[in-house]
Each structure stands twice: as structure tokens, then as C-alpha cells.
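In the working numbering, the protein residues as written are 267 to 417.
The next block holds one structure in the form of C-alpha cells; read it before the comments.
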Ligand SMILES: [Zn+2]
């Protein structure tokens, strides 16, 4: 791990988001394993919410998929890792209301919670499965995008 990755790991433990992510992963009966760069990978998430195939709480990245599928998709893991960093920059829990505000703003502007969402844009829209909106266009969500929607 780089010094920055260690600092992120420590910050997300101290700001309580990684413990919260582990609690959620445990309650949802996922399998948790150590991932690269200080990440914790929880697989087999089955709860209905959120409507996403992957999401992140602190340094814990939760996936609906199994471990083989997750490790075969480093692009998505890289996207979720950027959210880990965003948690640290937001000092932990403030990330969540800020994220939902950004998602609401994006939804109003584009019809999609990611396309104009500051956090998703910084994490990489394409890597997260979000469409890049054209200038002034209002994006319509297709069912295929909803199914593979990610946070
Ligand atoms: Zn995302």
C-alpha cells in the first residue's frame, strides 16, 4: 500500500465508516475478504436496497456478485475505490448526505442519478456504468442501465 492508501484506510476506520460498512456486510451475511490497496471486498450482497450492483461504505466495497466476478472487473473496483477516497475527504459520514444531494441534483438535470453527480463524475462515469450526458440533453434511463446501475 502507498502512504496515501494507508492514510485513507486509517481515516475511514477513525471516521467510523469502515466499521459501519463491516457491520452492514455482516448483517447482510456477505463474505468479506481483504482486497487490494486496503480495500475490503464483501460479495454476495442480497438486500434489495440500494438499487446498485456495487456500492461502498468507508473502505468496504459491497457487491451483489460473487468474488470471481468481482476480481475479474478491476475497472468497477477502481471506480468504487475512488468512492472510498471520497469518504475520507468528506471526513466519513458527511459523504452520505452530500452524495444523495449530488444524486438528486443529477436526477433533476439529466434523469439519471450519476451523470451530473459530482462524486460519480470524479469516480468515473463510464467505469461506474453511468451515461455521459450530451450538452443540454435529458437522458432517459433504459432498463439495461437500471439493471447494471452502480453507485
Ligand atoms: Zn459510483
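Cβ coordinates follow ideal geometry from the N, Cα and C atoms, glycine included.
According to DSSP, residues forming a beta bridge with residue 238 = This structure cannot settle anything about residue 238, because the visible part of the chain is limited to 267 through 417.
Within 10 angstroms of its Cβ, does residue 302 collect 16 or more other Cβ (buried), or is it exposed?
exposed
query = How close, in whole Å, do the beta carbons of residue 310 and residue 296 come, if the pair is a contact with beta carbons under 8 Å?
reply = 5 Å
TODO: Output the distance between the C-alpha atoms of residue 370 and residue 318, rounded to the nearest integer angstrom.
DONE: 16 Å
Spatially closest choice to residue 345 from 290, 274, 285 and 387, by CA coordinates: 387
message: ligand 1 and residue 335: does the residue's C-beta get closer than 8 Å to at least one heavy atom of that ligand?
response: Not under cutoff, so the answer is no.
*For residue 277 and residue 444, the rounded distance between their alpha carbons*: Because the chain here runs from 267 to 417, residue 444 falls outside it and cannot be looked at.
- Message: Can you find the residues in the same chain that come closer than 8 Å, C-beta to C-beta, to residue 391, ignoring five residues on each side of it along the sequence?
- Response: 380, 381, 397 and 398
Margin query: Suppose you measure from the CA of residue 365 to the CA of residue 274; what does that come to, to the nearest Å?
Written below: 18 Å
Practice prompt. Excluding the 5 residues preceding and the 5 following residue 300 in the sequence, name in chain order all residues of the same chain whose CB lies nearer than 8 Å to its CB.
Written response: 306 and 307
Bridge partners for residue 329 per DSSP, in chain order? According to DSSP, which records beta bridges pairwise, residue 329 is partnered with 320.
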